[in-house]
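A.B. asks: If you count by UniProt numbering, then the sequence shown holds residues 1 to 177, one letter each, in order.
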Amino acid sequence: MTISIRDGRETDVEGIAKAHVQGWRESYKDFLAPEALAGLSVEERMQMWRGALAEPEPRAKLLVAEDDGGEIVGFIRGGPIRGEGAELLGTEAEIFALYLLDKVKRQGIGRRLMRGVFDHLAAHGIRSVGLWVLRDNLASRCFYVALGGQPGPEQSFDLRGQMVAEVAYRFELAPQL
1 MTISIRDGRE TDVEGIAKAH VQGWRESYKD FLAPEALAGL SVEERMQMWR
51 GALAEPEPRA KLLVAEDDGG EIVGFIRGGP IRGEGAELLG TEAEIFALYL
101 LDKVKRQGIG RRLMRGVFDH LAAHGIRSVG LWVLRDNLAS RCFYVALGGQ
151 PGPEQSFDLR GQMVAEVAYR FELAPQL
């Protein structure tokens, strides 16, 4: 199977939403209660992604990973820092979401997606990127460390009715010449 990485577009909303829900269910099955994962909705995610794509931020980047059959099997979105917890990250930008379906993990796709967003952000003069990851998600934490991420502060919050802790990771980007 060949996986291509390309810019996400408005016509990808349904595919991104499906990958988002399936990615949550696969990635968080060991960390979140089954009823929390069962309550995820593709329609709800489609609405969220329509909103995100309706007001594009030029410094933000959405990339999708697509298999040779046209299925979106992963995606990433990153851009200028926003929202709650931003001050804890202490970075100029953040990775808002990165999800891959289990069937394509450990093939270098996540690395390609991260590199694509990092390159885009660096080209816009951004020098530091942060993200949040569940503290118990050791596989993802190892992935971020392998990419040069430095662990930082932690915070706890209610995620779909369950208290969870997450760890911030910070990445320093090289200036683009």
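All C-beta atoms, glycine included, are put in the ideal place defined by N, C-alpha and C. Quick caveat, the model's predicted, so the values are computed rather than measured.
For the pair the region 108 to 117 and the region 37 to 54, tell me if three or more CB-CB distances fall below 8 Å.
C.D. replies: Verdict: no, contact absent.
A.B. asks: Given this structure, state the Cα-to-Cα distance separating residue 100 from residue 71, to the nearest angstrom.
C.D. replies: Between residue 100 and residue 71, the C-alpha separation is close to 12 Å.
A.B. asks: On a CA-only basis, which of 173, 80, 61 and 166 is nearest residue 153? Give me that one, please.
C.D. replies: Closest option to residue 153, Cα to Cα, is 166.
A.B. asks: Could you tell me whether the Cβ atoms of residue 8 and residue 75 are closer together than 8 Å?
C.D. replies: Yes, these two residues count as a Cβ contact at 8 Å.
A.B. asks: Run the CB neighbour count on residue 216, radius 10 Å, all protein chains shown included, and call it buried at 16 or more, exposed below.
C.D. replies: In this structure the chain extends from 1 to 177, so residue 216 is not present and cannot be described.
A.B. asks: Using 8 Å as the cut-off, can you tell me whether the region 155 to 172 makes contact with the region 31 to 47, which would need three or more C-beta pairs spanning the two stretches below that distance?
C.D. replies: They touch, by the three-pair rule.
A.B. asks: Considering only the alpha carbon of each residue, which of 19, 105 and 169 lies closest to residue 129?
C.D. replies: Selected option, being the one with the closest Cα: 169.
A.B. asks: For my contact list, residue 45 and residue 21 are in at a C-beta cut-off of 8 Å; report their separation, rounded to the angstrom.
C.D. replies: Their Cβ separation, rounded to whole angstroms, is 6 Å, which keeps residue 45 and residue 21 in contact under 8 Å.
A.B. asks: So residue 17 is in the alpha helix (DSSP H); what residue range does that whole segment cover?
C.D. replies: Looking at the DSSP string, the run of the alpha helix (DSSP H) that includes residue 17 is 13 to 27.
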